[in-house]
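There are 2 protein chains.
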Amino acid sequence: MGIAERKEKQKNEIRKLILDASMKLFVEEGFGSVTIRRIAELIEYSPTTVYLYFKDKDEIFYALHEVGFEKMAEFNKNLDTIQNPLVRMHKMGENYLRFGMDYPEFYNLMFILGEPMKKISELGCDWKPGDAALGRLKETVTECMEKGYLAKGDPYQVSLAVWSFVHGLVSLAIRQRLEKFVPDEKMLLPTMEQALNWFMNNIDITERKH
Amino acid sequence: MGIAERKEKQKNEIRKLILDASMKLFVEEGFGSVTIRRIAELIEYSPTTVYLYFKDKDEIFYALHEVGFEKMAEFNKNLDTIQNPLVRMHKMGENYLRFGMDYPEFYNLMFILGEPMKKISELGCDWKPGDAALGRLKETVTECMEKGYLAKGDPYQVSLAVWSFVHGLVSLAIRQRLEKFVPDEKMLLPTMEQALNWFMNNIDITERKH
DNA sequence: CAAATTTACTTAACAATGTAAATAATCCAA
DNA sequence: TTGGATTATTTACATTGTTAAGTAAATTTG
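The listed protein sequences correspond, in order, to chains A and B.
Count along the first sequence starting at 1, add 1, and that's the number in the working numbering.
Count along the second sequence starting at 1, add 1, and that's the number in the working numbering.
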């Protein structure tokens, strides 16, 4: 069926057009500027055409949020060579902080906004990108426990805690809740990294000397 | 000037009418249902009248967000009798988690949404409610350090870390990022409390035995 | 090859939204 | 009572997401 195949291909091409336009708006002007009409304008179709390729706007945001996870994965390429699981975990946290501060709009979409999640819950499927990301953290946590860097326990629980910690830092920062406490914007990331250091020092049982 | 005084009083009465209506909509139907037109409908004025008492919608949300902080303060009334600063801090965290899960819409407004913060940054003033809340945490942290429960260090830094941790938990939970990992909704708060326990155990230097 | 049908797209429209400008009603002092 | 100030409303604009109806072209069918 070369014919149905080409059809499918063309459909995907326009889908990609739409996503590229959405991405351009998203990256250059932020979440709020991604409107159906501006997307349509960019791809030179009528607004309603967009609805022939995506059920609604949330579906577009879901797609963008997946791209965000790919971008985040790039930040984590520097982890491969790190042998020590605790050092790797620390670096993972630093990457997370840096990603969030470098791409706040993406971070927003991935971990804060409701739009991508709506897609998931109505489709009944699960949050694959998030699951994969937390899975990688869990592996490292498990290794840390095995090698005696972290107290033995439920790696899932600890992963959740670590994630919550860095997410808390990033989300407070990018939602302007730290402005009063860290007035100098230049000091924001350093302060967060320092907090991460403190955290890592506290959970590392090999560092405990009192 | 009994006359100008009454004028002022009447003005405040209508302001209160508007805020009460906004609160009703906010509490009963959520953030998205607080629209100028529905507020006007409730108070039986025309929509534009609202603008005679509030510059814009964000100003209303700023007022609501302050009420949220008052509500949160009520949750913390059980702290007064707790002597041990570390136990108090732990309870503070539990209260925070419970408040966030009990009033996700308020939490949203207070710690996630941009609207109330916009008011602040354009007015150039600072985030008083947030400042006060973190201040109380800082006091407790300081006391913990003085009494040897926490390693000595910058209490501000540690407060930020503690806050980030609980905020991370709550915000991930109420923004549906934990659904995949904690499928049973009933287990959400217990899981978060367990994470808090783990956290507290790790930072408490009196508990360290290996 | 002609007719019927499906596909791809557009136009028009609806129902909201926040908000500004113009207009009307009300109130109070002179 | 009159006239200026205050307060409220009417009207309007520019957006938004999204649906329904219409159209033209491509494709399938007879």
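We put the beta carbon where it would ideally sit given N, CA and C, even for glycine.
All figures in this text were calculated on a predicted structure; none of them were measured in a lab.
Assigned secondary structure, residue i (DSSP; H/G/I helix, E/B strand, else coil)
| i | result |
| --- | --- |
| T82/B | coil |
| R220/A | As displayed, chain A neither begins before 2 nor continues past 211, which places residue 220/A out of reach and without an answer. |
| L190/A | helix |
| K17/A | helix |
| N198/B | helix |
| K213/A | Since the first residue of chain A shown is 2 and the last is 211, residue 213/A is not available in this structure. |
| P105/A | helix |
| A152/B | coil |
| Q11/B | helix |
| I113/B | coil |
| F182/B | coil |
| V35/B | coil |
| R176/B | coil |
| L170/B | helix |
| E45/A | coil |
| D59/A | helix |
| L53/A | coil |
| H211/A | With a pLDDT of only 47 at H211/A, under 50, the local geometry of the prediction cannot be trusted, and no value is derived from it. |
Partners in chain B for residue i, counting only beta-carbon separations shorter than 9 Å
| i | result |
| --- | --- |
| K153/A | The contacting residues do not exist; K153/A stays about 11 Å from chain B at best. |
| S47/A | Neighbours of S47/A on chain B: none; closest Cβ ~28 Å, over 9 Å. |
| G131/A | R178, K181 and F182 |
Close-in-space but distant-in-sequence residues of the same chain around residue i (CB under 8 Å, 5 per side omitted)
| i | result |
| --- | --- |
| H211/B | Note on H211/B: pLDDT 47, under 50, position unreliable in the model; the coordinate value appears next. Same-chain partners within the cutoff: there are none. |
| K92/B | N79, L80 and I83 |
| S47/B | A41 |
| S34/B | L26 and F27 |
| M2/A | Caution applies to M2/A, whose pLDDT of 43 falls short of 50 and renders its modelled position unreliable; the model cannot decide the point. |
| G149/A | I206 and T207 |
Contact set for residue i: own chain, Cβ-Cβ below 6 Å, skip 5 residues either direction
| i | result |
| --- | --- |
| Y63/A | P117 and K120 |
| F166/B | F200 |
| E144/A | P86 |
| T82/A | none |
| L189/B | A174 and V183 |
| F55/B | I61 |
| D59/B | E116, K119 and K120 |
| M73/B | F100 |
| R1/A | This structure cannot speak to residue 1/A, because chain A is shown only from 2 to 211. |
| T192/A | V183 |
Cβ-Cβ separation, residue j to residue i (assumed contact under 8 Å), whole Å
| i | j | result |
| --- | --- | --- |
| N77/B | N96/B | 5 Å |
| R178/B | F70/A | With 8 Å as the limit, R178/B and F70/A do not qualify as a contact, their Cβ atoms being about 13 Å apart. |
| A162/B | I206/B | Rounded, the Cβ-Cβ distance is 15 Å, inconsistent with contact. |
| V171/A | V159/A | No, V171/A and V159/A are not in contact; Cβ-Cβ is about 19 Å, not under 8 Å. |
| L43/A | K25/A | 7 Å |
| I40/A | I19/A | 6 Å |
| D127/A | K187/B | Contact doesn't hold; Cβ gap of about 19 Å is too wide. |
| W164/A | L135/A | 6 Å |
| P156/A | M146/A | 6 Å |
Closer than 8 Å at the beta carbon, the chain A residues around residue i
| i | result |
| --- | --- |
| S34/B | The contacting residues do not exist; S34/B stays about 15 Å from chain A at best. |
| D59/B | Within chain A, no residue comes near D59/B; the closest Cβ sits about 13 Å away, beyond 8 Å. |
| G1/B | The structure shown has nothing for residue 1/B, since chain B only spans 2 to 211. |
Contact set between residue i and chain A, taken where Cβ atoms lie within less than 7 Å
| i | result |
| --- | --- |
| L135/B | F182 |
| D127/B | K181 |
Contact set for residue i: own chain, Cβ-Cβ below 7 Å, skip 5 residues either direction
| i | result |
| --- | --- |
| A196/A | L170 |
| E67/A | P130 |
| I37/B | P48, V51 and K58 |
| F107/B | G69 and K72 |
Residues that residue i contacts on chain B, provided the C-beta gap is smaller than 7 Å
| i | result |
| --- | --- |
| L43/A | In chain order: nothing, as chain B lies at least about 25 Å away. |
| L173/A | S165 and H168 |
Contact set between residue i and chain A, taken where Cβ atoms lie within less than 9 Å
| i | result |
| --- | --- |
| L138/B | Per Cβ cutoff of 9 Å: no residues; L138/B is ~11 Å from chain A at best. |
Which residues of the region 179-204 of chain A have a Cβ closer than 9 Å to any Cβ of chain B? Give them in chain order. Taking 9 Å as the Cβ-Cβ cut-off against chain B, the residues of the region 179-204 of chain A that qualify are L179, E180, K181, F182, V183, T192, M193, Q195, A196, L197, W199, F200, N202, N203 and I204.
What are the residues in the region 157-169 of chain B lying within 8 Å of chain A by C-beta distance? Under the 8 Å Cβ criterion, the region 157-169 of chain B contributes Y157, Q158, V159, L161, A162, W164, S165, F166, V167, H168 and G169.
May I ask you to list, following chain order, the residues of the region 88-121 of chain B that have a beta carbon less than 7 Å from some beta carbon of chain A? Within the region 88-121 of chain B, those residues whose Cβ lies closer than 7 Å to any Cβ of chain A are, in chain order, F112, I113, G115 and M118.
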